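See below for the structure under consideration.
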Amino acid sequence: MGYRDVYENWQADPEAFWMKAAEAIDWDKAPTKALFDENAPLYEWFSDAKVNTCYNAVDRHVENGRGEQTAIIYDSPITHTKREISYVELRNRVASLAGALRAKGVEKGDRVIIYMPMIPEALEAMLACARIGAVHSVVFGGFAANELAVRIDDATPKAIIAASCGLEPNRVVHYKPLVDGAIELAEHKPDFCVILQREQEVAELIEGRDFNWHGFQYGVEPAECVPVEGNHPAYILYTSGTTGAPKGVVRHTAGHLVALNWTMKNIYNVDPGDVFWAASDVGWVVGHSYICYAPLIHGNTTIVFEGKPVGTPDAGTFWRVIEEHNVKSFFTAPTAFRAVKREDPTGEFVKKYDLSCLDQVFLAGERADPDTIIWAQDQLGKPVIDHWWQTELGYPGVCNPVGIELLDVKLGSPSVPLPGYEMKILDDDGNELPKGELGAIAIKLPLPPGTLPTLWNAEDRYRKSYLNTFPGYYETGDAGMIDEDGYLYIMARTDDVINVAGHRLSTGGMEEVLAAHPDVAECAVIGVTDQLKGQLPMGFVCLNKGTTTSEEDVIKGCVKLVREKIGPVAAFKLCTVVDRLPKTRSGKILRGIMVKIADSAEYKMPATIDDPVILDEIKEALKPMGYAKG
61 MGYRDVYENW QADPEAFWMK AAEAIDWDKA PTKALFDENA PLYEWFSDAK
111 VNTCYNAVDR HVENGRGEQT AIIYDSPITH TKREISYVEL RNRVASLAGA
161 LRAKGVEKGD RVIIYMPMIP EALEAMLACA RIGAVHSVVF GGFAANELAV
211 RIDDATPKAI IAASCGLEPN RVVHYKPLVD GAIELAEHKP DFCVILQREQ
261 EVAELIEGRD FNWHGFQYGV EPAECVPVEG NHPAYILYTS GTTGAPKGVV
311 RHTAGHLVAL NWTMKNIYNV DPGDVFWAAS DVGWVVGHSY ICYAPLIHGN
361 TTIVFEGKPV GTPDAGTFWR VIEEHNVKSF FTAPTAFRAV KREDPTGEFV
411 KKYDLSCLDQ VFLAGERADP DTIIWAQDQL GKPVIDHWWQ TELGYPGVCN
461 PVGIELLDVK LGSPSVPLPG YEMKILDDDG NELPKGELGA IAIKLPLPPG
511 TLPTLWNAED RYRKSYLNTF PGYYETGDAG MIDEDGYLYI MARTDDVINV
561 AGHRLSTGGM EEVLAAHPDV AECAVIGVTD QLKGQLPMGF VCLNKGTTTS
611 EEDVIKGCVK LVREKIGPVA AFKLCTVVDR LPKTRSGKIL RGIMVKIADS
661 AEYKMPATID DPVILDEIKE ALKPMGYAKG
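Under the numbering used here, read the sequence shown as residues 61 to 690, first letter to last.
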């Protein structure tokens with residue numbers, strides 16, 4: 061069946077579609093039905109089932125005779141370390157850690173915070189929690205103590221599992237003092253901490269509270285898998301909220317298993333045994349879904365990469381990993397490709413490696429501008445697939461479903477809705493807009509299995525954040541349009557649609573134009589306050605390495621391009637060259653903060669910011685244009 065057949069198959073009978081997908085999971089007690097809608101609009105999936113995530117991700121592959129297959133490849137150009145862990149070795153390691161947690165009193169339903177870098181032990185900690193029915197909450201390693209404290213108070217964990225340190229290309233990030241500081245700040249105190257001592261830094265342990273990862277597990281009975289209810293929380297993942305207070309996205313166990321397993325073949329086009337690599341971090345949803353759970357549930361080999369797209373050691377590190385480990389399907393963020401393109405615009409590093417094993421590349425996390433996709437297609441000679449999803453959704457909602465059928469690629473669009481997702485474009489009053497018109501992107505309820513059923517301890521906030529604006533729909537917070545062929549275009553966050561003298565314009569559309577300038581490596585457009593027109597667009601551009609064009613000429617060229625492609629209505633005249641853009645650690649550009657700086661408004665330093673110094677650089681770049689006066 062082609063994409064259209066599969067989508068219509070889901071539309072015709074969603075219950076049958078998801079029950080069929082559920083057959084690929086090993087259940088302790090199979091579900092009697094898929095959708096539970098008694099508490100609509102708070103829907104649940106496969107709630108009456110009993111199942112264990114760790115069993116499905118690890119043990120069943122061992123029992124099915126594939127224990128010697130590699131489950132995890134660890135590749136760290138920072139420490140010059142490479143190792144492989146088979147499924148049988150992973151099972152033994154996870155069972156041992158789970159047994160040690162259980163021996164210390166961690167039981168089904170208890171929360172455990174995991175605060176670790178990109179090492180295999182991070183996945184082992186996640187799986188060990190799942191094995192005994194504990195609910196993990198991974199917090200990005202290196203998050204500030206006060207931000208970690210907020211998450212400790214919200215999740216009230218019985219234990220914290222951390223590493224002594226994380227590693228950046230030129231520095232050691234001291235994790236243990238951050239953990240100690242967070243516990244001191246938090247009102248809730250965990251019963252104990254487990255610390256993995258890395259050779260780059262051995263942390264001081266607090267007697268009675270802290271345990272060494274290895275000693276902690278010594279002589280303990282390994283744990284078996286504990287079956288949990290279908291609606292038992294698998295994990296809590298905090299996503300930044302507009303109020304500054306993080307939102308704890310909850311993931312129910314059964315729907316998570318069914319949906320993620322379905323995506324591996326239908327979207328990413330891999331079969332069990334193939335090597336799949338998502339170049340992300342376990343602190344983000346991509347790390348949960350596509351470094352840890354989905355590849356292992358599906359029986360793939362997953363890669364845990366501790367490095368950067370450039371600088372560890374060069375812009376060829378992605379291609380080296382792909383060649384060396386025989387990667388079939390690769391997933392990264394557009395911002396990573398832009399970093400590589402900036403260092404290697406003509407693809408000299410690409411030519412050094414044999415990428416014949418690679419079938420396709422997937423991009424998500426930020427809008428993938430056409431220029432970046434074209435560059436990647438030209439250099440790699442492979443399909444480059446943009447796709448769209450969110451932390452809340454847990455897996456793609458809009459994508460070119462390569463495993464079902466490779467559809468025509470339309471640059472600037474992540475393609476079409478996947479089964480489970482009925483996308484609508486709505487105006488401010490909730491009316492559906494005609495094809496081609498810009499509006500709020502909403503998803504008709506119920507959301508499919510594996511998406512968030514609620515927020516942790518915050519049902520009212522869940523309703524207010526996602527359900528109340530458009531009754532009967534989930535509000536994505538993104539703006540865009542749908543074309544005549546049903547392709548969705550994500551143009552901006554809803555608050556990035558600016559109003560210039562009464563015209564609603566997408567900053568994302570302007571970014572696409574700027575990115576097409578031959579000297580521009582990366583860019584961002586924001587809307588700044590203007591007394592006459594309400595708002596004006598302002599562009600920030602980073603230049604390609606080795607460009608010989610003057611900054612003045614680049615700016616003139618950018619202004620001219622926007623005028624030609626979007627028209628005088630955009631009133632695009634404000635543009636500046638900067639060395640770098642402020643981003644989160646996952647690569648999202650902090651446009652909202654940039655707006656506040658430009659408008660001299662107060663702002664809260666985002667917990668996820670990669671380097672706070674960049675905000676001062678942005679401020680200095682704005683001052684000559686008469687902005688950032690505060």
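Ideal Cβ positions, reconstructed from N, Cα and C, are used throughout, including at glycine. What you are looking at is a predicted structure, and each value in this text was computed from that prediction instead of being measured.
- Three or more Cβ pairs closer than 8 Å define a contact, and the stretch 223 to 239 meets that threshold against the stretch 366 to 376.
- Unbroken alpha helix (DSSP H) stretches of 4 residues or longer found wholly inside the stretch 225 to 273: 235 to 245, given in chain order.
- Beta bridge pairing from DSSP links residue 391 with 338, 422.
- Distances from the CA of residue 581 to each of 305, 430, 206 were compared; the closest alpha carbon is that of 430.
- Secondary structure of residue 559 (DSSP, three-state): strand.
- Contact between the stretch 179 to 189 and the stretch 340 to 356 is present: 3 or more CB-CB pairs across the two stretches fall below 8 Å.
- For residue 396, the three-state secondary structure derived from DSSP is helix.
- Separation of residue 94 and residue 72 (C-alpha to C-alpha, rounded to the nearest whole angstrom) is 15 Å.
- In this structure, residue 512 sits near residue 309, with a CB-CB distance shorter than 7 Å.
- Beyond the five residues adjoining it in sequence on each side, residue 446 comes within less than 6 Å, by CB distance, of 423, 428, 474 in the same chain, given in chain order.
- In the structure shown, residue 679 adopts helical secondary structure according to DSSP, grouped into three states.
- The DSSP assignment places complete beta strand (DSSP E) segments of no fewer than 3 residues inside the stretch 325 to 386 at 335 to 338, 361 to 365, in order along the chain.
- In the three-state DSSP reduction, residue 520 falls in the helix class (H, G or I).
- Here the alpha carbon of residue 653 sits roughly 29 Å from the alpha carbon of residue 372.
- For the pair residue 679 and residue 688, the CB atoms are nearer than the 7 Å cut-off.
- Here the stretch 195 to 213 makes contact with the stretch 286 to 295; the two share three or more CB pairs at distances below 8 Å.
- Taken through DSSP and simplified to helix, strand or coil, residue 197 comes out as strand.
- Around residue 236, the same chain offers 224, 263 as residues with beta carbons nearer than 6 Å, after the five sequence neighbours per side are excluded.
- In this structure, the straight-line span from the alpha carbon of residue 499 to that of residue 80 is close to 35 Å.
- Nearest neighbour of residue 75 by Cα position, chosen from 664, 221, 508, turns out to be 508.
- Segment contact: the stretch 455 to 466 against the stretch 317 to 328, three or more CB-CB distances shorter than 8 Å; contact assigned.
- Of the other Cβ atoms in all chains shown, fewer than 16 fall within 10 Å of the Cβ of residue 128; this residue is therefore exposed.
- DSSP lists 597 as the bridge partner or partners of residue 587.
- Restricting attention to 315, 174, 169, the CA atom closest to the CA of residue 104 is found in 315.
- Taking the Cα of residue 519 as reference, the smallest distance to any Cα among 556, 252, 100 is reached at 100.
- Here the alpha carbons of residue 215 and residue 170 stand approximately 9 Å from one another.
- Of the candidates 610, 570, 559, 559 places its Cα closest to the Cα of residue 594.
- The shortest CA-to-CA distance from residue 253 to any of 242, 276, 238, 220 is the one to 220.
- Of the residues assessed, residue 526 falls on the buried side of the cut-off, its CB having 16 or more other CB atoms within 10 angstroms.
- From the listed residues 249, 655, 259, the smallest Cα separation to residue 556 is found for 655.
- Bounds of any beta strand (DSSP E) do not take in residue 546, whose DSSP letter is neither H nor E.
- Under DSSP, residue 105 shares a beta bridge with 95.
- One thing to note: residue 570 has its Cβ within 7 Å of the Cβ of residue 585.
- Taking a 10 Å sphere around the C-beta of residue 478, we find 16 or more other C-beta atoms and assign the residue as buried.
- When C-alpha distances from residue 384 are compared across 91, 643, 90, 133, the shortest belongs to 133.
- Using a 10 angstroms sphere on the CB of residue 178, the tally of other CB atoms reaches 16 or more, which defines it as buried.
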